[in-house]
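Asks:
Residue numbers (my numbering), protein chains in the order written: chain A, 29 to 469; chain B, 29 to 469.
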């Protein structure tokens, strides 16, 4: 499900957004820097970000002796909890706020942060300008709250880059061909940054955040977690998809597609090197497992007693996909005596209410008996490019879980991951056990 | 000065914005309703405004038996003191915030209020949509913070009106041909409303505010002030220009140009009739004087010892006009022995610092000795279409001021007004005396 989604997302810009090499050469050396909401939480932090941008511009200029111009594209999210505040306003106006209006409302959050950052940069003497998605031309499909980028106006980009040293671009938002404002959903600003890096063949896309980089596990849960110096796109995608709150998989997928060199860095320690994300071609040599992810924002949904006919599972999944709900693990349990299946899958907690609503609507058509949900679950996953070759690790994990009295509700494995669904209360313990079981401690 | 400004403002839309009668007939009966910042101060008030809009839509539909559709165009300002808050943010980022960035920042205020109102209207079951200036296509000249409307995209308007019953349009903002966001300056939302009414040949443009309508004087200063049932464009323009805080003259000028029937109404007393503003063709018959205006946000600037050569005053005024500073009363005092003039004029307090800066710059070229300013002044004016024919009133006012010990610093008269500049401390007293002197008490 998810994979198809991501591919569509990544493919479209391929067709239209990449600048021609000739234009790109003229534009010069471009780096993309993305700052999230905590990095621009208040005016003092915007000032701090402006100084990072200034220092970076100067450092890049020094490094670049070829005489070609040095440019920065800075993507910012809304300040701190602005988006939550706007969402709350919206939900007070309507039980189910119109999504077109909601997207236009939310997009003001980034418009505020880009203008303030651009003003601050100008005050530092830097040739800078802010651009909303509509102004620079980040076109998306006509889907509200979860839109995917389909095109970036390369003419606008080239013109803006010629006239300025630093473009401050609103993350998270887009515009449809009709002029409606859209938002890109979770991970939206990272996606904006990677798409702009792809469209300008940028030398690097730095994602500034409030942590030092990507760790082998969440340091808040597993104190022994180690910072990774380098990790592959594929591993980060799996880690993120499995709940490690570092980068949204769609952004990394886009980076992989366009071979955008990414780096995760700490806004508050600008001299730290962070974690580099690239193709990871030679990585399997020295590391087979890259980390542990714990995701508590998950729910299990079971649709009970579905007749055992071909195509049923597919039609359920289609109904959910049509509503832009991404489902993850799927398990089908067959009751041979009754000739019926129970189909269980996991969704993000945010999508649970919508999922139940949809399933209740199609329950009759499916001839299913009922829909039940379990919100008290967590996904605990082991991620590594070389996991496939090391089946012994799975056995070790299962044994260790058993010894600790942790019940495994669902299991899924792939070439790069091993995921267990456990009770919410066991989540942190399971994460620690998994981390130690592959010797990262 | 001011007059030329206003004329340009009004003329441009004439060339391009008015919908052709054919389109207009198809669009149906259109009313424009404008709600200011206090009317949408919080979510409870937005709910209240939504109910006014709903009731109006239903009333208009009942009234209109011809079968042509009934549509509303609702223009809103930013919620309460949002604009001030955003201005403060901007001024904390830069001593002199970039005006392009500042306009983009300020425009988020209306974008928030239009989306919230559109959501609330949808929740009431009304086919409604929000539009920023960029989305509907309100084009302005490329001047930040004081832009004038030059065109409205009538195709966009027609399409949006066909698809919806109520369009909620952001006041105060515009967009340049390049896609930069502009703001219209003081009175901007009223101007947006009048321009939209002109472009759609609307039947009426209702300006909802927090007072009952237009009074013969500010009721807070002159308790005996009476509500006017009807007043002419010209009188309102003079009243506003002279400091009565009802409507900005540029909006009324636009309405006069296009014969837009205006009405000022109280948001919190939606059943009150308010004040109708129209051409006032038959008004002089029954009333010669329409009101008293007191404006304390004024300052006097004097440029001292300017050589008595032709064209000097003109070149001073040109320098100020180039910087979009509107000056009002001008007085030139000649010192015959020295062959020099002192030129004194009034400006809005907000423009004082910029005015002094410009005059200090050109002082040398002019051969003037110094620039002095007096912030402690007020303009007190008597307004009436029939003032010209009643010279006795001026004498009465001057005598009454003298008796009350009020010193008159400057005097200006025109066909429709009599203005005195007095000390700030005498302002309210002078207003009361003027009001009683023409028998409105």
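Quick reminder that beta carbons are idealized off the backbone N, C-alpha and C, glycines included. Computed from a predicted model, the values in this text were never measured in an experiment.
With 16 other CB atoms within 10 Å as the buried threshold, where does residue 141 (chain A) fall?
Replies: Position 113 of the first chain, counted from the first residue, corresponds to residue 141 (chain A). Residue burial is scored here from C-beta neighbours: residue 141 (chain A) has at least 16 other C-beta atoms within 10 angstroms and is therefore classed as buried.
Asks: Can you say whether residue 449 (chain B) is buried or exposed, counting buried as having 16 or more other CB atoms within 10 angstroms of its CB?
Replies: On the second chain, position 421 is the one that residue 449 (chain B) refers to. The residue in question, residue 449 (chain B), is buried, as its Cβ has 16 or more Cβ neighbours within 10 Å.
Asks: Tell me whether the segment 100 to 112 of chain A and the segment 56 to 63 of chain A touch, counting them as touching only if at least three CB pairs, one residue from each stretch, are closer than 8 Å.
Replies: yes
Asks: May I ask you to list, following chain order, the residues of the segment 189 to 205 of chain A that have a beta carbon less than 7 Å from some beta carbon of chain B?
Replies: Residues of the segment 189 to 205 of chain A whose Cβ lies closer than 7 Å to any Cβ of chain B: none.
Asks: Residue 152 (chain B) by DSSP, collapsed to three states: which one?
Replies: On the second chain, residue 152 (chain B) is found 124 positions in, with the first residue counted as 1. Coil.
Asks: Does the beta carbon of residue 458 (chain A) come closer than 8 Å to any beta carbon on chain B?
Replies: Numbered from 1 along the first chain, position 430 holds the residue referred to as residue 458 (chain A). Residue 458 (chain A) does not count as touching chain B.
Asks: For a contact defined as C-beta to C-beta under 7 Å, what are the partners of residue 129 (chain B) on chain A?
Replies: Numbered from its first residue, the second chain carries residue 129 (chain B) at position 101. Residues of chain A passing the Cβ test: 143, 146, 147 and 158.
Asks: Of all Cβ atoms in chain B, is any one closer than 8 Å to the Cβ of residue 126 (chain A)?
Replies: Position 98 of the first chain, counting from 1, holds the residue named residue 126 (chain A). Yes, contact with chain B.
Asks: Beta-carbon of residue 151 (chain B) versus every beta-carbon of chain A: anything under 8 Å?
Replies: Looking up residue 151 (chain B) in the second chain gives position 123. Closer than 8 Å: yes.
Asks: Would you list the one or two residues that DSSP bridges to residue 222 (chain B)?
Replies: Taking the second chain and counting its residues from 1, the one referred to as residue 222 (chain B) is at position 194. Residue 222 (chain B) is not bridged to any residue.
Asks: Which residues mark the beginning and the end of the alpha helix (DSSP H) in which residue 326 (chain B) is found?
Replies: Here residue 326 (chain B) is taken as the residue at index 298 of the second chain, counted from 1. DSSP places residue 326 (chain B) in no alpha helix (DSSP H) but in the uninterrupted beta strand (DSSP E) bounded by 319 to 335.
Asks: Report the residues of the segment 159 to 175 of chain A with a CB closer than 7 Å to any CB of chain B, ordered along the chain.
Replies: 162 and 163
Asks: In whole angstroms, what is the alpha-carbon distance linking residue 400 (chain B) and residue 372 (chain B)?
Replies: Mapped onto the second chain, residue 400 (chain B) falls at position 372. Mapped onto the second chain, residue 372 (chain B) falls at position 344. One alpha carbon belongs to residue 400 (chain B), the other to residue 372 (chain B), and they sit about 9 Å apart.
Asks: Per DSSP, which residues does residue 258 (chain A) bridge with? Please list them.
Replies: Along the first chain, read from residue 1 onward, the residue named residue 258 (chain A) stands at position 230. DSSP output for residue 258 (chain A) lists A:304 as bridge partner(s).
Asks: Going by C-alpha to C-alpha distance, which of A:56, A:407, A:163 and A:436 sits closest to residue 230 (chain A)?
Replies: Taking the first residue of the first chain as 1, we reach residue 230 (chain A) at position 202. Checked all of A:56, A:407, A:163 and A:436; the closest Cα to residue 230 (chain A) is A:56.
Asks: Taking CB distances under 8 Å as the criterion, tell me whether residue 136 (chain A) reaches chain B.
Replies: Position 108 of the first chain, counted from the start, is the residue given in the question as residue 136 (chain A). Yes, residue 136 (chain A) lies at the interface with chain B (some Cβ there is under 8 Å from its Cβ).
Asks: Three-state secondary structure (DSSP) at residue 435 (chain A)?
Replies: For the purposes of this step, residue 435 (chain A) is taken as residue 407 along the first chain, with counting starting at 1. Coil.
Asks: To the nearest angstrom, how far is it from the Cα of residue 458 (chain B) to the Cα of residue 434 (chain B)?
Replies: As a first step, residue 458 (chain B) is located in the second chain; it is residue number 430 there, counting from the start. As a first step, residue 434 (chain B) is located in the second chain; it is residue number 406 there, counting from the start. Their Cα atoms are separated by approximately 7 Å.
Asks: Could one say the Cβ of residue 212 (chain A) lies closer than 8 Å to chain B's Cβ atoms, at least one of them?
Replies: As a position in the first chain, residue 212 (chain A) is number 184, starting the count at 1. Not closer than 8 Å to any Cβ of chain B, the Cβ of residue 212 (chain A) fails to qualify, so no.
Asks: Where does residue 403 (chain A) land, buried or exposed, given buried means 16+ other C-beta within 10 angstroms?
Replies: Indexing the first chain from 1 puts residue 403 (chain A) at position 375. With fewer than 16 Cβ atoms within 10 Å of its Cβ, residue 403 (chain A) is classed as exposed.
Asks: Measuring CA to CA, which of A:334, A:123, A:407 and A:194 is closest to residue 391 (chain A)?
Replies: As a working mapping, residue 391 (chain A) is identified with position 363 in the first chain. That would be A:334, whose Cα lies nearest to the Cα of residue 391 (chain A).
Asks: According to DSSP, is residue 357 (chain A) helix, strand or coil?
Replies: On the first chain, position 329 is the one that residue 357 (chain A) refers to. Here residue 357 (chain A) sits in strand by DSSP.
Asks: According to DSSP, simplified to helix, strand and coil, what is residue 199 (chain A)?
Replies: In the first chain, residue 199 (chain A) corresponds to position 171, counting from 1. In the structure shown, residue 199 (chain A) sits in coil (DSSP, three-state: anything other than H, G, I, E or B).
Asks: Identify whether residue 205 (chain B) lies in helix, strand or coil by the three-state DSSP scheme.
Replies: The count along the second chain starts at 1 and reaches residue 205 (chain B) at position 177. Under the three-state reduction of DSSP, residue 205 (chain B) is assigned to coil, being neither helix nor strand.
Asks: Under DSSP, the beta strand (DSSP E) around residue 404 (chain A) begins and ends at which residues?
Replies: Reading the first chain from its first residue, position 376 is the one you call residue 404 (chain A). First-last of the beta strand (DSSP E) with residue 404 (chain A): 398 to 411.
Asks: For residue 73 (chain A), verify whether its CB is less than 7 Å away from any heavy atom of the ligand ZN.
Replies: Judged by which ligands are present, the structure shown has none, so any question about the ligand ZN falls away.
Asks: Could you name the residues of the same chain whose beta carbon sits closer than 6 Å to that of residue 470 (chain A), not counting the 5 residues immediately before and after it, in chain order?
Replies: Shown here, chain A extends from 29 to 469; a query on residue 470 (chain A) therefore has no answer.
Asks: Shorter than 8 Å from the beta carbon of residue 65 (chain A) to some beta carbon of chain B?
Replies: Taking the first chain and counting its residues from 1, one reaches residue 65 (chain A) at position 37. Closer than 8 Å: no.
Asks: When DSSP labels each residue in this structure, what does residue 49 (chain B) get in the three-state scheme?
Replies: Residue mapping note: residue 49 (chain B) aligns to position 21 of the second chain, counting from 1. Note on residue 49 (chain B): pLDDT 48, under 50, position unreliable in the model; the coordinate value appears next. Residue 49 (chain B) falls in the helix class under three-state DSSP.
Asks: Report buried or exposed for residue 118 (chain A), applying the criterion of at least 16 other Cβ atoms within 10 angstroms of its Cβ.
Replies: Your numbering for residue 118 (chain A) matches position 90 in the first chain. In the assembly as shown, residue 118 (chain A) is a buried residue. Its beta-carbon has 16 or more other beta-carbons within 10 Å.
Asks: Quick one: does residue 461 (chain B) have its CB under 8 Å from some CB of chain A?
Replies: Start at 1 with the first residue of the second chain, and residue 461 (chain B) comes out as number 433. So no, residue 461 (chain B) is outside the interface.
Asks: Which full runs of the alpha helix (DSSP H) of 4+ residues lie inside the segment 227 to 273 of chain A, going along the chain?
Replies: For secondary structure counted as the alpha helix (DSSP H) over 4 or more consecutive residues, the segment 227 to 273 of chain A holds these complete runs in sequence order: 261 to 269.
Asks: At a cut of 8 Å, does the segment 217 to 237 of chain A reach the segment 176 to 194 of chain A through at least three beta carbon pairs?
Replies: yes
Asks: Cβ of residue 428 (chain B) within 8 Å of Cβ of residue 465 (chain B)?
Replies: Within the second chain, residue 428 (chain B) is the residue found at index 400, counting from 1. Within the second chain, residue 465 (chain B) is the residue found at index 437, counting from 1. A contact, by the Cβ cut-off of 8 Å.
Asks: Looking only at its own chain, which residues have a Cβ that is under 7 Å from the Cβ of residue 38 (chain B), when we skip the five neighbours before and after it?
Replies: If you number the second chain from 1, residue 38 (chain B) lands on position 10. Annotation note: pLDDT 39 at residue 38 (chain B) (below 50); position unreliable, coordinate value reported separately. Excluding positions up to five away in sequence, the list reads 281, 282 and 285.
Asks: Closest to residue 329 (chain B) by CA distance: which of B:300, B:338 and B:377 is it?
Replies: Translated into positions along the second chain, residue 329 (chain B) becomes position 301. Considering only alpha carbons, the answer is B:377.
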